[in-house]
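Under UniProt numbering, the first residue of the sequence shown is numbered 1, with each subsequent residue one higher.
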Amino acid sequence: MNTTLVHKLHLINKSVYKIKILTNKLIKTIITIKKAQTKSITLSYQKKSTSALMETLASLLIFKGGIQWNLQ
């Protein structure tokens, strides 16, 4: 085989290897971002649920028995 061809094949193999590594890093980054987004959405949902629950409880307690509760 021609040494130039062998050298070119070697460079191509190195490039393919680098592309594989970069692709794997990109996939890991995307997965990390997706996990963070999911966690953020979950936390946001939990926060909204807690707020809604607190508002419901507050509305039930504020004028219970003629006593006004200060919930601030």
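Even for Gly, the Cβ is constructed at its ideal location relative to N, Cα and C. Keep in mind the model is a prediction, meaning the values are calculated, not measured.
Nearest-angstrom Cα separation, counted from residue j out to residue i
i, j, result
"LYS25", "VAL6", "29 Å"
"TRP69", "THR50", "Here the model assigns TRP69 a pLDDT of 49, short of 50, so the residue's position is not dependable, and the following value carries that caveat. The straight-line gap from Cα to Cα measures roughly 19 Å."
"ALA36", "ALA58", "32 Å"
"THR42", "LYS48", "10 Å"
"THR4", "LEU11", "11 Å"
"GLN72", "THR23", "Unreliable placement is indicated for GLN72, whose pLDDT of 47 sits below 50; no coordinate value is reported for it."
"GLN46", "LEU9", "55 Å"
"SER44", "THR38", "10 Å"
"ILE19", "ILE33", "21 Å"
"TYR17", "SER40", "35 Å"
Problem - Every unbroken beta strand (DSSP E) within the stretch 14 to 39, with a cutoff of 3 residues, ordered by chain - result: Uninterrupted beta strand (DSSP E) stretches at least 3 residues long and entirely within the stretch 14 to 39 do not occur.
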